[in-house]
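K.L.:
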Amino acid sequence: MSGFNKVVDSYAQALAGLENGMTVLAGGFGLCGIPENLIQEIKNKGTKELTFVSNNCGVDGFGLGVLLEDRQIKKMVSSYVGENKLFEEQLLAGDLEVELTPQGTLAEKMRAGGAGIPAFYTATGYGTPVGEGKEVKEFNGRKYIMEESITGDFAIVKAWKADTYGNLIYRHTAQNFNPMAATAGKITVVEVEEIVEPGELDPAHIHTPGIYVDRVILGTFEKRIEQRTVRTA
Amino acid sequence: MSGFNKVVDSYAQALAGLENGMTVLAGGFGLCGIPENLIQEIKNKGTKELTFVSNNCGVDGFGLGVLLEDRQIKKMVSSYVGENKLFEEQLLAGDLEVELTPQGTLAEKMRAGGAGIPAFYTATGYGTPVGEGKEVKEFNGRKYIMEESITGDFAIVKAWKADTYGNLIYRHTAQNFNPMAATAGKITVVEVEEIVEPGELDPAHIHTPGIYVDRVILGTFEKRIEQRTVRTA
Amino acid sequence: MALTREQLAQRVAQEMQDGYYVNLGIGIPTLVANYVPDGMEVMLQSENGLLGMGPFPTEAELDADMINAGKQTVTAATGASIFSSAESFAMIRGGHVDLTVLGAFEVDVQGNIASYMIPGKLIKGMGGAMDLVAGADNIIVTMTHASKHGDSKLLTKCTLPLTGAGCIKKIVTDLAFIEIKDEKFHLIERAPGVSVKEILEKTAGEMVVPKDVPEMQF
Amino acid sequence: MALTREQLAQRVAQEMQDGYYVNLGIGIPTLVANYVPDGMEVMLQSENGLLGMGPFPTEAELDADMINAGKQTVTAATGASIFSSAESFAMIRGGHVDLTVLGAFEVDVQGNIASYMIPGKLIKGMGGAMDLVAGADNIIVTMTHASKHGDSKLLTKCTLPLTGAGCIKKIVTDLAFIEIKDEKFHLIERAPGVSVKEILEKTAGEMVVPKDVPEMQF
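Sequence lines, in order, name chains E, B, C and L. Per my numbering, the first sequence runs over residues 272 to 504. Per my numbering, the second sequence runs over residues 272 to 504. Per my numbering, the third sequence runs over residues 6 to 223. Per my numbering, the fourth sequence runs over residues 6 to 223.
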């Protein structure tokens with residue numbers, strides 16, 4: 272690597288420096304737009320006691336679910352979990368901690384983390400278990416709670432195309448949490464379906480500017496579908 | 272207008288409902304990406320005592336500067352002003368109030384306003400005149416000030432292309448403050464260089480989704496250049 | 006007769022207006038999309054980042070990268086836009102969505118809603134529901150009036166942990182259309198053939214009943 | 006000899022590293038772009054929403070919609086991205102820019118900087134300067150060591166209203182390269198032919214001087 276070339280050749284290089292006990296932000300919504308291969312590489316590395324910030328925790332045998340198999344996850348910060356049995360077992364056994372966070376608050380916490388905003392106010396969760404213990408302030412006659420931002424030691428991101436400078440474009444709704452995760456990782460690693468030369472992506476249509484990206488790796492993807500719904504043509 | 276067709280035919284319709292004393296958010300940076308014709312229409316209407324939230328206040332005879340001529344502006348919320356003599360005169364005479372706001376804080380205040388976030392913390396301005404009288408809170412050993420969000424009765428925006436549903440694309444650096452202004456106006460009016468049919472803009476590359484936009488009008492633009500800098504080929 | 010799921014969806018759909026941006030929750034709310042009145046256009050917002058959700062794809066159109074908030078494969082309608090989760094909830098939290106429809110376990114006379122958590126059962130999470138009820142001005146809760154055991158879901162005070170406080174103003178149940186004002190339920194319409202007496206029996210919170218309670222029209 | 010504007014820019018440029026994202030302020034900082042060391046790539050961030058600022062356009066390329074933060078017409082470099090002001094300052098505030106270079110009226114031993122306002126004169130505003138000094142970890146202030154009247158700009162305590170508090174660690178003046186640590190200025194290098202004595206005479210704040218103060222190398 273020299274200059275702005277962020278491309279690495281192996282998944283081992285992509286996740287160099289990931290250590291036990293770290294916090295990892297992961298893009299994806301359900302199984303859509305998840306960094307499949309980076310998750311598999313974390314499984315291969317056997318890194319433990321990880322805190323994951325991710326909207327969901329995959330399913331049994333796919334997505335972040337595979338990291339439950341060897342109990343690599345200590346804590347999940349998510350808006351919706353429990354789509355798999357292993358998760359439920361470990362949660363009930365007290366082997367896994369979960370911090371449930373409203374989906375919009377979760378997205379905004381990551382965005383704020385990347386944008387140097389340590390905290391913000393939101394009406395979401397006021398008067399609910401989410402608001403308990405949090406500072407309340409009134410603006411224009413309505414009550415809001417203070418939410419603190421989230422950053423990670425690593426961010427693992429799935430994009431569609433990257434140029435070698437790390438400028439990213441996401442495909443359809445596989446965008447979801449990926450752009451925010453990308454901004455909030457101390458080290459941001461992105462796996463993509465295609466790597467192009469700088470200048471091939473329109474500057475006005477880049478979803479994540481390369482300044483947020485540290486490493487880019489080319490992958491192949493299964494893209495498993497969680498709810499296959501079709502109509503007859 | 273029916274369904275999602277936001278297109279209006281005249282500048283009078285575009286600014287229907289604008290009244291004395293209202294707050295208007297305006298896109299643009301310097302003279303780049305400013306809603307030239309909407310500004311001119313405000314001059315034509317003669318609406319007075321307006322508060323403008325805009326990074327700058329144009330120049331003598333162009334941009335928001337033209338609204339100084341008949342003293343239509345009561346207050347400016349800006350990061351940098353005074354590129355024109357009339358502004359200076361009215362400021363020194365006490366006829367014009369200015370609330371200087373750091374550029375990034377101004378952008379974030381508008382974004383927060385549109386996103387339902389009443390306030391956020393930033394290190395910007397702590398320990399400076401901007402921080403005076405504002406709540407200070409410490410996060411991770413560093414001090415931050417609380418900044419409240421901004422919304423407007425109207426937002427006036429300049430985009431490049433719109434579809435009839437109000438989905439917008441900006442051209443080059445004429446994007447600047449326009450996307451945030453678009454989200455934070457009670458009524459958001461956009462003037463564009465080209466109107467296309469829904470479906471002609473790529474859903475993944477729309478800068479401002481139509482949900483934020485109330486009215487779209489086709490305009491022609493002078494696009495005056497403030498600092499003409501060229502090199503020899 | 007209590008409304009069917011389809012009738013519930015149909016009644017909710019009558020609350021839509023031309024040009025509305027609408028977020029529909031999972032379950033009965035999803036069905037509302039099937040009953041958009043003729044000649045009316047609405048655009049569906051899916052909180053995972055899609056404004057302008059279209060129908061399910063054909064086999065040929067099927068694409069793992071195009072899903073809705075229920076994780077179902079969908080298509081994008083003409084004029085759609087696609088964006089990040091942060092942008093999606095900026096729309097929602099900022100009050101830009103015109104109508105939000107979602108289910109609930111309980112609603113009370115203060116407009117509180119409980120919909121995501123039954124203590125003692127596994128808590129799966131609130132997803133986007135807390136953001137949706139906090140962000141929208143115009144929310145319709147749709148649910149059965151009482152549980153399978155006959156317990157009212159319209160209460161003086163919610164017993165389950167809240168999803169949102171003081172945010173619900175309209176409820177469509179299988180028995181009635183109800184508005185919440187001044188810390189009371191107000192009976193607006195009853196399902197065809199359902200008596201006011203039955204509705205009152207199945208409503209635990211205080212309910213104001215006008216002299217004439219019209220039947221829902223379909 | 007005091008450095009020329011070009012030499013100042015050249016000395017600042019030596020602080021860049023390959024792969025740096027750099028924000029250059031108006032004035033001397035802008036000139037730094039002309040002295041990027043050979044074989045090194047840097048990308049310029051312009052806070053109006055451009056990452057990857059290229060050179061001025063030719064007459065044929067001139068485009069009113071493509072400007073930099075100084076409102077000059079520019080071009081986009083290969084691999085550039087263009088975005089909103091909110092995104093631009095998310096980058097800046099979030100500490101993603103590797104190096105920020107800007108001018109100042111005064112800097113003091115606590116790392117305070119005053120650069121936008123002289124009371125009694127018309128206040129034009131801080132633009133993005135407050136965000137830049139609050140957001141960047143690595144800032145170089147470049148200015149003349151003393152005013153035209155001979156008054157030091159390196160003070161025990163800034164006299165003008167601050168742009169930022171405790172955020173400056175490196176200063177390049179026309180006389181010296183200085184670091185700020187432990188509430189003291191530290192003389193690191195002197196301009197070729199300039200004596201430590203002259204630098205000390207023109208520095209109002211406490212300055213630590215090592216035995217050997219090397220001359221700047223160009």
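For each residue, glycine too, the CB sits at the ideal point set by N, CA and C.
On the three-state DSSP scale, how would you describe T83/C?
P.N.:
Three-state DSSP puts T83/C in a strand.
K.L.:
In whole angstroms, give me the CA-to-CA distance for M272/B and V461/B.
P.N.:
Confidence is the limiting factor: at M272/B the pLDDT is only 45, short of 50, which leaves the residue's position unreliable, though a coordinate-based value still follows. Going by the C-alpha atoms only, they are around 15 Å apart.
K.L.:
Among residues of its own chain, excluding the 5 on either side of K175/L, which ones have a beta-carbon nearer than 6 Å to its beta-carbon?
P.N.:
The residues are I145, E184.
K.L.:
In the region 427-504 of chain B, which residue ranges form an unbroken beta strand (DSSP E) of at least 3 residues, counting only runs that do not cross its ends?
P.N.:
With a minimum length of 3 residues, the continuous beta strand (DSSP E) runs that stay inside the region 427-504 of chain B are 456-467, 486-489.
K.L.:
Given a threshold of 16 other Cβ atoms within 10 Å of its Cβ, counted over all protein chains shown, does D217/L qualify as buried or as exposed?
P.N.:
Burial call: exposed.
K.L.:
Closer than 8 Å between beta carbons: that is the criterion. Which residues of the region 383-397 of chain E meet it against chain B?
P.N.:
Per Cβ criterion, the list reads A383, A386, G387, I388, P389, A390, F391, Y392, T393, A394.
K.L.:
Taking the Cβ atom as the reference point for each residue, do Y25/C and L104/C lie within a distance shorter than 7 Å?
P.N.:
In contact: Y25/C and L104/C (Cβ atoms closer than 7 Å).
K.L.:
Of all the CB atoms in chain C, is at least one closer than 7 Å to the CB of P306/E?
P.N.:
By this cut-off, P306/E is not an interface position.
K.L.:
Using a Cβ-Cβ distance under 7 Å, would Y415/E count as near chain B?
P.N.:
Answer yes: the Cβ-Cβ gap between Y415/E and chain B drops below 7 Å somewhere.
K.L.:
For chain E, is any of its Cβ atoms less than 7 Å away from the one on L167/C?
P.N.:
Yes, contact with chain E.
K.L.:
Tell me whether the beta-carbon of S152/L lies closer than 7 Å to the beta-carbon of A134/L.
P.N.:
For S152/L and A134/L, no; Cβs fall outside 7 Å.
K.L.:
Going by DSSP, which residues form a beta bridge with L49/C?
P.N.:
The partner list for L49/C (beta bridge, DSSP) reads V27/C.
K.L.:
Give the DSSP-derived three-state secondary structure of M272/B in the structure shown.
P.N.:
With a pLDDT of only 45 at M272/B, under 50, the local geometry of the prediction cannot be trusted, and the value read off the model is given with reservation. Coil, per DSSP.
K.L.:
Could you pull out every residue in the same chain whose Cβ sits closer than 7 Å to the Cβ of T395/E, ignoring the five residues on either side in sequence?
P.N.:
Excluding sequence neighbours, T395/E sits near P373, G375, T376.
K.L.:
Whether or not the region 402-419 of chain B and the region 439-450 of chain B are in contact is what I'm after, with contact meaning three or more pairs of Cβ atoms, one per stretch, closer than 8 Å; do they touch?
P.N.:
No: the two stretches stay apart, fewer than three of their Cβ pairs being nearer than 8 Å.
K.L.:
Would Y483/E pass as an interface residue toward chain C - the criterion being a Cβ-Cβ separation below 7 Å?
P.N.:
Chain C contact via Cβ: absent.
K.L.:
How would you call L367/B, buried or exposed, if buried means at least 16 neighbouring beta carbons within 10 angstroms?
P.N.:
Under this definition L367/B is a buried residue.
K.L.:
Going by CA-CA distance only, name the one from N308/E, D434/E, A475/E that's closest to D485/E.
P.N.:
Of the candidates N308/E, D434/E, A475/E, the one whose C-alpha sits nearest the C-alpha of D485/E is D434/E.
K.L.:
Is any heavy atom of the ligand MN found at a distance shorter than 6 Å from the C-beta of G385/B?
P.N.:
As presented, the structure is devoid of all ligands, the ligand MN included, so that no description of it is given.
K.L.:
Using only CA atoms, which one of E418/E, A285/E, E379/E, V295/E lies nearest to S90/C?
P.N.:
Among E418/E, A285/E, E379/E, V295/E, the Cα nearest to that of S90/C belongs to E379/E.
K.L.:
Rounded C-beta distance between F425/E and L289/E? I'm assuming under 8 Å.
P.N.:
Rounded, the Cβ-Cβ distance is 6 Å, consistent with contact.
K.L.:
From G317/E, L296/E, V467/E, pick the residue whose C-alpha is nearest to that of M347/E; which is it?
P.N.:
Ranking the options by Cα distance to M347/E, first place goes to L296/E.
K.L.:
Does T161/C come out as helix, strand or coil in the three-state DSSP assignment?
P.N.:
Reduced to three states, the DSSP call for T161/C is coil.
K.L.:
Compare the Cα-Cα distances from Q115/L to each of K76/L, V27/L, R10/L, F190/L and report the closest residue.
P.N.:
The candidate whose alpha carbon is nearest that of Q115/L is F190/L.
K.L.:
Confirm, please, whether the CB-CB distance from P306/E to I427/E is below 7 Å.
P.N.:
Taking 7 Å as the Cβ cut-off, I427/E and P306/E qualify as a contacting pair.
K.L.:
Should A7/L and V37/L be called a contact, given that it needs their Cβ atoms to be closer than 7 Å?
P.N.:
No. Outside cutoff.
K.L.:
Spell out whether any CB of chain L is found under 7 Å from the CB atom of I496/E.
P.N.:
No - not a single Cβ of chain L is within 7 Å of the one on I496/E.
K.L.:
If you reduce the DSSP assignment to three classes, tell me which class A358/B lands in.
P.N.:
Note that residue 358/B corresponds to Phe in the displayed sequence, not to Ala. Reduced to three states, the DSSP call for F358/B is helix.
K.L.:
Does the beta-carbon distance from Y441/B to A430/B come in below 7 Å?
P.N.:
Against a cut-off of 7 Å, the Cβ pair of A430/B and Y441/B comes out as a contact.
K.L.:
Using Cβ-Cβ distances below 7 Å, what residues of the region 95-122 of chain C are close to chain E?
P.N.:
Cβ contacts with chain E: I97, R98.
K.L.:
For a quick check, are the C-beta atoms of V501/E and F94/C less than 7 Å apart?
P.N.:
Going by C-beta atoms, V501/E is not nearer than 7 Å to F94/C.
K.L.:
Taking the beta carbon of S86/L as the centre, do at least 16 other beta carbons fall within 10 Å, making it buried, or is it exposed?
P.N.:
The residue in question, S86/L, is buried, as its Cβ has 16 or more Cβ neighbours within 10 Å.
K.L.:
Buried or exposed for R342/E, going by 16 or more other Cβ atoms inside 10 Å?
P.N.:
Exposed is the call here.
K.L.:
Looking at chain B, is there any beta carbon in it that lies within less than 7 Å of the beta carbon of S86/C?
P.N.:
With 7 Å as the cut-off, S86/C counts as an interface residue toward chain B.
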